[in-house]
Amino acid sequence: MNWIDIRREALFLISKKSIVALLIIATLLSIFSVWTGSVEIAQQRATIQRLIDADELDRKAVTEQYHDYGYIAYYTFHLTYAPPSPLAFAALGVRDVYPWKHRIRMLALEGQIHESDTQNPELALAGKIDFTFVVAVFSPLLLLLLLHDMRASERAASRYDFLMVTRRHRYNLWPLRAGITVALLWLALIIPFIAGALFNGVTVGLIILVSLTVAAYLSGWAVLCYWVSRIHASAPVLASLILGAWLLTTFIIPSAGNVIIDKYYNGPHGGAVLMTQREAVNDAWDLPHETTMAAFLENHPQWAGKTDTNSLFEWKWYYAFQQVGDEKVQPLAEAYQQTAKDRYETAGWVALLSPATLLQRQLTQWADTDATAAWQYNDKVRSFHAELRHFYYPLLFNDKDFEKAALQKRPEFDTVKKSDE
Amino acid sequence: MSKTILIIARDEWRYWQRSRLSLAVLIIALSLVAASVWVTKVSNTDNAHQRAHMQSQAEHSFKDQPDRHPHRMVHYGHYVFRSLPPLGALDPGIDALTGNAIFLEGHRQNSATLADKKQSSGLTWISSLTPAFVMQIIAPLLLIILGFSMVTREREAGTLDFLKVQGVSLLALLAGKGLALVTAAVLISTPLIIGVMISVINGAGLLSATAFIASYWLYLIIWSAIVLLISTLVRTNASSFSGLIAIWILTCLIIPRVASNTAGVIVHAPGKLETDLAILRQLREIGDGHNMSSRANSAMRDSLLAKYNVKSVDALPVNFKGIVAQQSEADLTKVLNKFARQQMHQQTGQAEIFRYFGWLSPMIAIQNASMKLAATDLENYHEFLQQAETARYDFVQSLNRLHAENMTLEQDSNKYRNDVAKKAATVSADNWQILSDFSFSPLSEKQRITNSLFAISQLLLMLGALLATLSFAGKRL
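Taken in sequence, the protein lines are chains H and E.
Residue numbers for the first sequence follow the working numbering, beginning at 219 and rising by one.
Residue numbers for the second sequence follow the working numbering, beginning at 556 and rising by one.
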């Protein structure tokens, strides 16, 4: 194999109108997905910025209006959010279904964290076209159209035997032709991605990693197409075989796997979590304060001796029963969350049978836009809520007089901090 | 003429019976549709039971609450769950993507929580085993494999000229081939029809059920026409196949997503949080239901004092706190509804842009028609939100009326003093019966059919254009 062979095959491929058309389509789609993905990410960032500003304004108004820690804790919401990662433009992931922004206050968290502030469901149903989709779902079909009739078309043009006789080496013809086709398709897809990645500030290492993964993915499908194209049959039969493999692995296996996984892993209904928590919180109003406080002290022993109340309503008691309500529903809430995790993890095994899903899971993981990232954000919200409680508890349980200056030390949500710290 | 058409159609069926590929395709198609109908039916029945169970549990626990201060019940709140319409078992539409429960309480319009998708394996990111997906995306592909060579085959084998010489017009040939493909399409859709009949037994309206089936047939006929047209226009089997696959990729995979991205980029719809903050900004001017002394409330106090001709709020025959609660809930709800309507309007605006792409892709058109008829579209979801809001406002205001009329201001103000005073400021648990049973009723059948007309007309027009082109091609070639 030498440069002359490569040049010859490349020129041959480029002279075929259908191949050029498919490569142009691939480029256009890649550009479109990168462009709209970047716009989407920019919109998410802008939304976060607007929210930060509006949230600050609202907090300021509340701080001016009330002069009591209890009231301030009740009326002050805190914005929490998970900003999109640089790579998110290429793998939008599940951010259209899982919330990435919440406003949290010091009331029971289980009543707040299941809220969803998501996008238009009808658009979410159609799905978004992102770089991941273009590569995972669309590129195998392009390879199918490019490669399946490699031999069959030459047979149909009666050149096949001539080509077989005149080739100098067995690698000189079909593998070379297929290799160049895949390389051209790879370039068509990856150049817009690299441009988008540089624009969005993705690290060079990750760009290389994604580019190599895409190359590996394309090569896998190309090998299948190449292998099938050797079968001596008409082009449409060959294409049907590849199409069948694509349909099976991309659509049928994942959706059938989903049905089985959903059946197999059963947890509590989300409604049960919410209603149990509500009962726990509301029952406290009719219970003696001591009962609530005793339950509260189990996990907060540092406030022992400071839990007596003088009136039927006191803020420390109010926030104690909010917390006790959360604690009471904790096993149920964990089971609910565990079900989702089990399902997602098991889906990883199913993904081994579905290359497209495998690629999607990998890219969304790198882009922090998968379900795991959404749960990590949830954990961050939980730990922020805990921080907030531990900020207010000393002020409430020590019956501190109100001082505006004390609020300066109130925790702010920090997106960088790890949830397990 | 008509006899010739039937002979040609029968001959095409005979060809399929002999071809292993075609037989495999037919069997795969039938079993996929059947499996999807069954699986979706089972999971929907589970969901429906769970939601109905949760709904009755929520109602019972509200009504079982002990004697209490009515404002406590305002914050105790209530849960409503969205039930699935009968045809939703065939096209769940946006059901899994939207929350299916709402917590109703005073002073707030909460968003729907608990979307099923958040509990899912994540495997359904591009496909789901629902009849709607199989019929909209997979069935056309199978029709392509079945029919791509219908005319090119005759052309490649030279039998086309032979047929012409025998006096068979190309138009009759096309009609016969088309008939064969349409009968195959109808065969593929039989499990769907059985599913629809089950839904009718479960309470789906006959008219919308019929329209549902008719629109799917229309869709499959469109695809049959596309297959036939390409097979007629191109020279070889191979190019017919490649061309049809390209059309399928474009209309079923690419255009819907391009439409979704486009709609999202063109119309910006702020989310719930942003709307909430905008509402808060406006609300600071209205006054808080818990706060008697705000400026807005003092105007109301003056007018009440004048009305009852008394000097102070203590002398009023009603509990002023309850009056404030009623009035501020009413004012607040006006603002909340204004913003909610605005948000729905923006979402519908996005959806409308998306739906215009139905002129380019029959898949978008059938998806819309199907969801609208099945009552699982955006408009029906908005209807659910509105019905939930009506339920919320009703029970909150009934409680506020109890608050105003069943205790004095003095009793109300002293409720935290001691246990006796607390008891005095309660109302009997009998009053919790004010809660009416909630069950979501989707838009009326007539309304749903009217809403689906736009999408159905997109399908009809597309079919008309295809048939015109086909008959033109049939005469010229």
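Built from N, CA and C at the ideal position, the CB exists for glycine as well.
Member of the options whose CA lies at the smallest distance from the CA of residue i
{"i": "M493 (chain H)", "options": "E:L585, E:V723, E:V588 and E:Y634", "result": "E:Y634"}
{"i": "N1033 (chain E)", "options": "E:P686, E:V789, E:A920 and E:R839", "result": "Since the first and last residues shown for chain E are 556 and 1032, residue 1033 (chain E) lies out of range."}
{"i": "K876 (chain E)", "options": "E:K889, E:A920, E:K970 and E:I693", "result": "E:K970"}
{"i": "Q966 (chain E)", "options": "E:W571, E:P625, E:Q572 and E:L576", "result": "E:P625"}
{"i": "A396 (chain H)", "options": "H:I425, H:A513 and H:S447", "result": "H:S447"}
{"i": "M575 (chain H)", "options": "H:L465, H:L343, H:A374 and H:D379", "result": "In the sequence as presented, Met is not what sits at residue 575 (chain H); that position holds Thr. Minimum Cα distance to T575 (chain H) is reached at H:L465."}
{"i": "T633 (chain H)", "options": "H:Y536, H:T582 and H:W318", "result": "H:W318"}
{"i": "E1000 (chain E)", "options": "E:I693, E:Q674, E:Q881 and E:P641", "result": "E:P641"}
{"i": "S916 (chain E)", "options": "E:T963, E:L788 and E:I692", "result": "E:I692"}
{"i": "D560 (chain H)", "options": "H:F531, H:T590 and H:A490", "result": "H:T590"}
{"i": "L871 (chain E)", "options": "E:S616, E:N961 and E:I563", "result": "E:N961"}
{"i": "W778 (chain E)", "options": "E:S815, E:I699, E:Y570 and E:R708", "result": "E:I699"}
Coil, strand or helix - residue i by DSSP
{"i": "Q620 (chain E)", "result": "coil"}
{"i": "Q664 (chain E)", "result": "strand"}
{"i": "G654 (chain E)", "result": "strand"}
{"i": "A396 (chain H)", "result": "helix"}
{"i": "A824 (chain E)", "result": "coil"}
{"i": "V865 (chain E)", "result": "coil"}
{"i": "V982 (chain E)", "result": "strand"}
{"i": "L990 (chain E)", "result": "coil"}
{"i": "W521 (chain H)", "result": "helix"}
{"i": "L659 (chain E)", "result": "strand"}
{"i": "A670 (chain E)", "result": "strand"}
{"i": "H608 (chain E)", "result": "helix"}
{"i": "K1001 (chain E)", "result": "helix"}
{"i": "N528 (chain H)", "result": "coil"}
{"i": "Q721 (chain E)", "result": "coil"}
{"i": "G844 (chain E)", "result": "Confidence at G844 (chain E) is low in this model, with a pLDDT of 49, below 50, so the placement of that residue should be treated as unreliable; the coordinate-derived value is given next. DSSP places G844 (chain E) in coil when its eight states are reduced to three."}
{"i": "L613 (chain H)", "result": "helix"}
Continuous alpha helix (DSSP H) stretch holding residue i: start and end
{"i": "I322 (chain H)", "result": "Per DSSP, I322 (chain H) belongs to no alpha helix (DSSP H); it is in the beta strand (DSSP E), K319 to I322."}
{"i": "S256 (chain H)", "result": "K235 to Q283"}
{"i": "N500 (chain H)", "result": "G488 to D501"}
{"i": "Y293 (chain H)", "result": "Y287 to Y293"}
{"i": "W568 (chain E)", "result": "S557 to R573"}
{"i": "K534 (chain H)", "result": "W533 to A569"}
{"i": "H900 (chain E)", "result": "F875 to Y911"}
{"i": "A308 (chain H)", "result": "Element bounds for A308 (chain H): n/a, residue is neither H nor E."}
{"i": "G750 (chain E)", "result": "T745 to I756"}
{"i": "K618 (chain H)", "result": "Counting along the chain, K618 (chain H) falls outside any alpha helix (DSSP H), and DSSP gives it neither H nor E."}
{"i": "G438 (chain H)", "result": "V422 to S447"}
{"i": "T582 (chain H)", "result": "P573 to W584"}
Boundaries (first-last residue) of the beta strand (DSSP E) holding residue i
{"i": "V635 (chain E)", "result": "H633 to F636"}
{"i": "L297 (chain H)", "result": "H296 to Y299"}
Environment of residue i [buried if 16+ CB atoms lie within 10 Å]
{"i": "V499 (chain H)", "result": "buried"}
{"i": "F993 (chain E)", "result": "buried"}
{"i": "R588 (chain H)", "result": "Sequence inspection shows Asp at residue 588 (chain H); the Arg mentioned does not correspond to that position. Buried, by the Cβ-count rule."}
{"i": "N935 (chain E)", "result": "buried"}
{"i": "G844 (chain E)", "result": "Here G844 (chain E) scores only 49 on pLDDT, less than 50, and its place in the model should not be relied on; the value that follows carries that caveat. With 16 or more other Cβ atoms within 10 Å, it is buried."}
{"i": "A502 (chain H)", "result": "buried"}
{"i": "I232 (chain H)", "result": "exposed"}
{"i": "D646 (chain E)", "result": "buried"}
{"i": "G758 (chain E)", "result": "exposed"}
{"i": "L684 (chain E)", "result": "buried"}
{"i": "K636 (chain H)", "result": "At K636 (chain H), the pLDDT of 47 sits below 50, so the modelled position is not reliable and the matter cannot be decided from this model."}
{"i": "R321 (chain H)", "result": "buried"}
Proximity test, residue i beta-carbon vs the ligand GTP heavy atom, cut-off 8 angstroms
{"i": "L659 (chain E)", "result": "What this structure holds is no ligand at all, so the ligand GTP is not there to describe."}
Using a beta-carbon distance cut-off of less than 8 angstroms, what residues from the region 315 to 348 of chain H approach chain E? V315, Y316, K319, H320, R321, G329, H332, E333, S334, D335, T336, Q337, N338, P339, E340, L341, A342, L343, A344, G345, K346 and I347
To be precise: take each residue of the region 906 to 921 of chain E, compare its Cβ to all Cβ atoms of chain H, and keep it if any distance is under 7 angstroms. Which residues remain? A906 and F909
Using Cβ-Cβ distances below 7 angstroms, what residues of the region 516 to 535 of chain H are close to chain E? S529, L530 and F531
Against chain H: residues of the region 1004 to 1021 of chain E by CB proximity under 7 angstroms: none
Can you give me, in chain order, the residues of the region 436 to 468 of chain H that have a beta carbon less than 8 angstroms from any beta carbon in chain E? S452, A453, P454, V455, A457, S458, L461, L465 and T468
Which residues, taken in chain order from the region 672 to 706 of chain E, show a beta carbon closer than 8 angstroms to some beta carbon of chain H? K672, K673, Q674, S675, S676, G677, L678, T679, W680, I681, S682, S683, L684, F688, I692, I693, L696, I700, F703 and S704
Give the residues from the region 594 to 605 of chain E that approach chain H closer than 8 angstroms (Cβ to any Cβ), ordered along the chain. V594, S598 and Q605
For the region 487 to 520 of chain H, enumerate the residues whose C-beta is nearer than 8 angstroms to any C-beta of chain E, in chain order. H487, G488, G489, A490, L492, M493, R496, E497, N500, W503 and D504
Closer than 9 angstroms, Cβ to Cβ, to anything on chain H: give me those residues from the region 972 to 992 of chain E, in chain order. R972, N973, D974, A976 and K977
Any residues in the region 640 to 670 of chain E with a beta carbon nearer than 8 angstroms to a beta carbon of chain H? Which ones, in chain order? G648, I649, L652, T653, G654, A656, F658, N665, S666, A667, T668, L669 and A670
Listed in chain order, which residues of the region 797 to 814 of chain E have Cβ atoms closer than 8 angstroms to some Cβ of chain H? S797, I800, A801, I804, L808, I809, P811, R812, V813 and A814
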